[in-house]
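In what follows, a structure is listed as structure tokens, so that the remarks can point back to it.
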Amino acid sequence: MTDLDRLSHFYDLNVMKRANLPGSGIITYGGAGTDRSILVDHNLGYNPFFIAGADIFRNGIIWSNNYVNEYTESSLSGPVNMFPQLNYWCNSSQLTINLRNGDGTNTQSGSADVYYAVYLDYDTSVNPIDDLVSISDYSQDKIVYHDTITIVNDGVTTGTTYTWQQNKVVQSTIPNPYGRAALARARWSIDGGASWQSLESKIVYTYTLTAFGVVLWSLDSAISIGCSDSTIYFRTANGRHGNVTGNPPTGYTPTSRTFLIEFWLYERE
Amino acid sequence: MVDLTKLQSYSETPSFKQNLDDVLGSFNISGTVVSGVNTRTVVVNLDQAPEICDIEFFGRGEQGFSTPNNQTDPRPSSTWFKEGAIWVRGDGGIYSNYPVPFTLSASFIGATLTITAICAIQFDATLTLTTEAVQYKIVDYVST
Numbered sequence: 687m688t689d690l691d692r693l694s695h696f697y698d699l700n701v702m703k704r705a706n707l708p709g710s711g712i713i714t715y716g717g718a719g720t721d722r723s724i725l726v727d728h729n730l731g732y733n734p735f736f737i738a739g740a741d742i743f744r745n746g747i748i749w750s751n752n753y754v755n756e757y758t759e760s761s762l763s764g765p766v767n768m769f770p771q772l773n774y775w776c777n778s779s780q781l782t783i784n785l786r787n788g789d790g791t792n793t794q795s796g797s798a799d800v801y802y803a804v805y806l807d808y809d810t811s812v813n814p815i816d817d818l819v820s821i822s823d824y825s826q827d828k829i830v831y832h833d834t835i836t837i838v839n840d841g842v843t844t845g846t847t848y849t850w851q852q853n854k855v856v857q858s859t860i861p862n863p864y865g866r867a868a869l870a871r872a873r874w875s876i877d878g879g880a881s882w883q884s885l886e887s888k889i890v891y892t893y894t895l896t897a898f899g900v901v902l903w904s905l906d907s908a909i910s911i912g913c914s915d916s917t918i919y920f921r922t923a924n925g926r927h928g929n930v931t932g933n934p935p936t937g938y939t940p941t942s943r944t945f946l947i948e949f950w951l952y953e954r955e
Numbered sequence: 072m073v074d075l076t077k078l079q080s081y082s083e084t085p086s087f088k089q090n091l092d093d094v095l096g097s098f099n100i101s102g103t104v105v106s107g108v109n110t111r112t113v114v115v116n117l118d119q120a121p122e123i124c125d126i127e128f129f130g131r132g133e134q135g136f137s138t139p140n141n142q143t144d145p146r147p148s149s150t151w152f153k154e155g156a157i158w159v160r161g162d163g164g165i166y167s168n169y170p171v172p173f174t175l176s177a178s179f180i181g182a183t184l185t186i187t188a189i190c191a192i193q194f195d196a197t198l199t200l201t202t203e204a205v206q207y208k209i210v211d212y213v214s215t
């Protein structure tokens, strides 16, 4: 059945059209903590919008933003088992996708698939005729699934030395009805949808070690979204708690967070 | 010349479409930072409430500082990015040309979007910042 709402004959909004690029690549991990990148020449001559995702752990799950974990925005210093980090940046001619390897038990080896898109038209110098969807020959971001999920993360467990410097991660999954690993766009909220965070946002707060009068910071909340052929993964990180009492500091009360995540899946390439 | 073979008249699936005109702007990070969390916020009033807001930032990376030289951020200066920090020079006490990262986030309530730059300082000092400009570019999508 034809859905008339999806006719685009008369569209007056710009549609996200991808520059004609391969859309995927491979990064071979270096040693623990080292950076490896791929460079994608788009040569558009202006600064476009762009996205990237990566199969960070080489298990078929594509993460559409950085992988939140126990140490995200933590004040812990020194060696910990850092997770790999996905970073990417762009200028008027080139997109760079970077994977920094983790360390300790989270050191990765082998090669990771990465996916990316560079979008046309996001610059005023582009001829407006390109906004017309009816003559576009570029790939577009088709939305293959859209849903909302709620996850309760009750926060870090109290009573253990230094756990107050870590986040509690609660991961939930749902089946991927599309059946193919995809990228995701999302927004999320910890106040029931009164305010929304962009996917990449990280909320930070401060607390006090009362025995010493020392003010430290920690992550309040952040999320990541991953997707495999069969499953959609939602990671929530919650490091929020009250002031920490005792010497050594061990006493604190975690703050439960209810994450509302609205997400859209779209083709990876 | 319009290529008729490329006409797209119907799609079975919806696609992301740009909801608002690009919003370009900039702000400066300046002043001082002290022990604890230091925050700078910028409020951007959009023409209408966004649906899925996407933001890119532009500014200095972690290069050109004297100490320490950890290179925790691989992003070079003069590039756009979606997730990460702007690096600002701080000076004060025993710290000279010290790298001060402000991590950037964005949230929105209705048509009001707030960009937040957060810097956490773990040591007891007051650092005077050398003003650093941050550019931002906002795009919003509708999904229907």
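Sequence lines, in order, name chains A and B. Going by our numbering, the first residue of the first sequence is number 687, and it counts up by one from there. Going by our numbering, the first residue of the second sequence is number 72, and it counts up by one from there. Glycine is no exception: its CB is placed at the ideal position from the N, C-alpha and C atoms.
1. What does ASN773(A) touch in chain B if you count any residue whose Cβ is under 7 Å from its own?
2. What residues of chain B sit near ARG866(A), judged by a beta carbon separation below 9 Å?
3. Keeping to the same chain, check which residues put their C-beta closer than 6 Å to that of LEU725(A); ignore five residues upstream and five downstream.
4. Cβ closer than 8 Å: which chain B residues qualify as neighbours of TYR753(A)?
5. Identify the residues that DSSP records as bridge partners of GLU886(A): which are they?
6. What residues from chain A crowd round PRO174(B), counting only those whose CB sits closer than 9 Å?
7. Taking a cut of 7 Å between CB atoms, which residues from the region 900–924 of chain A lie near chain B?
8. Kindly list, in the order they appear in chain B, the residues whose Cβ is closer than 7 Å to that of PHE735(A).
9. Do GLN857(A) and PHE920(A) come within 8 Å of each other at the CB atom, strictly closer than that value?
10. Below 8 Å between beta carbons: does that hold for PHE152(B) and TRP775(A)?
11. Step through the CB atoms of chain B and report whether any lies within less than 8 Å of the CB of GLU955(A).
12. List the residues of chain A that THR150(B) touches, going by C-beta distances under 7 Å, in chain order.
13. Could you tell me which chain B residues have their CB closer than 8 Å to the CB of TRP850(A), listed as they occur along the chain?
14. In three-state DSSP terms, what is THR843(A)?
15. Residues of chain E with CB under 8 Å from ALA740(A), in chain order?
16. Thinking C-alpha only, which one of HIS728(A), SER797(A), ASN924(A), ILE947(A) is nearest ASP833(A)?
17. Tell me which residues share the same chain as SER137(B) and place their Cβ nearer than 7 Å to its Cβ, disregarding the 5 neighbours each side in the sequence.
18. Taking 8 Å as the threshold (beta carbon to beta carbon), is PRO814(A) in contact with chain B?
19. When the Cα of THR103(B) is compared with those of PRO145(B), SER148(B), THR199(B), ALA120(B), which residue comes out closest?
20. Are the Cβ atoms of ASN784(A) and PRO170(B) separated by less than 8 Å?
21. How long is the line joining the alpha carbons of SER797(A) and ASN787(A), rounded to whole angstroms?
22. Return yes when the Cβ of PHE87(B) is within less than 8 Å of the Cβ of TYR952(A), no when it is not.
23. Under three-state DSSP, which class holds GLN134(B)?
24. Roughly how many angstroms separate the alpha carbons of ASP118(B) and ILE209(B), rounded to a whole number?
25. Report the CB separation of PHE949(A) from ALA870(A) in whole angstroms; it is logged as a contact under 8 Å.
26. Leaving out the 5 sequence neighbours to the left and right, which residues in its chain are closer than 8 Å to GLU886(A) when beta-carbon positions are compared?
27. Under 8 Å, Cβ to Cβ, is there at least one residue of chain A near GLY135(B)?
28. Helix, strand or coil: which one does DSSP assign to ASN773(A)?
Looking at the coordinates:
1. Residue 773(A) sits at position 87 when you count from the first residue of the first sequence. The contacting residues are PRO145, ARG146, GLY155.
2. Locating residue 866(A) in the first sequence gives position 180, counting from the first residue. Correct list: empty, because the minimum Cβ distance to chain B is about 13 Å.
3. One-based indexing of the first sequence puts residue 725(A) at position 39. For LEU725(A), where only same-chain residues beyond five positions count, the Cβ hits under 6 Å are GLN780, THR782.
4. Within the first sequence, numbered from 1, the residue matching residue 753(A) stands at position 67. Listed along chain B, no residue sits closer than 8 Å to TYR753(A) by beta-carbon distance, the nearest being about 11 Å off.
5. Numbered from 1 along the first sequence, position 200 holds the residue referred to as residue 886(A). In DSSP, GLU886(A) forms no bridge with anything.
6. In the second sequence, counting from the first residue as 1, residue 174(B) sits at position 103. Here the sequence assigns Thr to residue 174(B), which means Pro is not the residue at that position. Neighbourhood of THR174(B) in chain A, by CB distance below 9 Å: GLU759, LYS888, VAL890, in chain order.
7. Residues of the region 900–924 of chain A with a C-beta atom less than 7 Å from some C-beta of chain B are VAL901, TRP903, listed in chain order.
8. Mapped onto the first sequence, residue 735(A) falls at position 49. Result: ASP125, GLU127, VAL210.
9. Position 234 of the first sequence, counting from 1, holds the residue named residue 920(A). Position 171 of the first sequence, counting from 1, holds the residue named residue 857(A). In this structure, PHE920(A) places its C-beta atom within 8 Å of the C-beta atom of GLN857(A).
10. The sequence position of residue 152(B) within the second sequence is 81, counting from 1. The sequence position of residue 775(A) within the first sequence is 89, counting from 1. For PHE152(B) and TRP775(A), yes; Cβs fall inside 8 Å.
11. Taking the first sequence and counting its residues from 1, the one referred to as residue 955(A) is at position 269. Residue contact check for GLU955(A) against chain B: no CB pair falls below 8 Å.
12. Translated into positions along the second sequence, residue 150(B) becomes position 79. The answer, in chain order, is TRP775, CYS776, ASN777.
13. Indexing the first sequence from 1 puts residue 850(A) at position 164. Against chain B, the beta carbon of TRP850(A) has no neighbour under 8 Å; the closest one sits roughly 15 Å away.
14. By one-based count along the first sequence, residue 843(A) stands at place 157. In the three-state DSSP reduction, THR843(A) falls in the coil class, being neither helix nor strand.
15. Among the chains of the structure shown, chain E does not appear; the protein chains present are A and B.
16. If you number the first sequence from 1, residue 833(A) lands on position 147. Looking at the Cα atoms, ILE947(A) is the closest of the given residues.
17. Counting from 1 along the second sequence, the entry for residue 137(B) is found at position 66. So the qualifying residues of the chain are SER167, ASN168.
18. By 1-based counting over the first sequence, the position of residue 814(A) is 128. Here PRO814(A) scores only 48 on pLDDT, less than 50, and its place in the model should not be relied on; the value that follows carries that caveat. For PRO814(A), the answer is no, since every Cβ of chain B falls outside 8 Å of its Cβ.
19. Residue mapping note: residue 103(B) aligns to position 32 of the second sequence, counting from 1. Of the residues PRO145(B), SER148(B), THR199(B), ALA120(B), the one whose Cα lies closest to the Cα of THR103(B) is THR199(B).
20. As a position in the first sequence, residue 784(A) is number 98, starting the count at 1. As a position in the second sequence, residue 170(B) is number 99, starting the count at 1. At least 8 Å separates the beta-carbon of ASN784(A) from that of PRO170(B).
21. The residue given as residue 797(A) occupies position 111 in the first sequence. The residue given as residue 787(A) occupies position 101 in the first sequence. Approximately 11 Å, taken between the alpha carbons.
22. Position 266 of the first sequence, counting from 1, holds the residue named residue 952(A). Position 16 of the second sequence, counting from 1, holds the residue named residue 87(B). Closer than 8 Å, so yes.
23. The count along the second sequence starts at 1 and reaches residue 134(B) at position 63. DSSP places GLN134(B) in coil when its eight states are reduced to three.
24. If you number the second sequence from 1, residue 118(B) lands on position 47. If you number the second sequence from 1, residue 209(B) lands on position 138. Cα to Cα, the separation comes out at about 12 Å.
25. Taking the first residue of the first sequence as position 1, residue 949(A) is located at position 263. Taking the first residue of the first sequence as position 1, residue 870(A) is located at position 184. Indeed, because the Cβ distance is near 5 Å, the residues count as touching under 8 Å.
26. Against the first sequence, residue 886(A) aligns to sequence position 200. Only ASN751, ASN752 meet the Cβ criterion.
27. As a first step, residue 135(B) must be located in the second sequence, where it is residue number 64. Proximity of GLY135(B) to chain A, defined by a Cβ-Cβ separation below 8 Å, is not satisfied.
28. Residue 773(A) sits at position 87 when you count from the first residue of the first sequence. Secondary structure at ASN773(A): strand, using DSSP grouped into helix, strand and coil.
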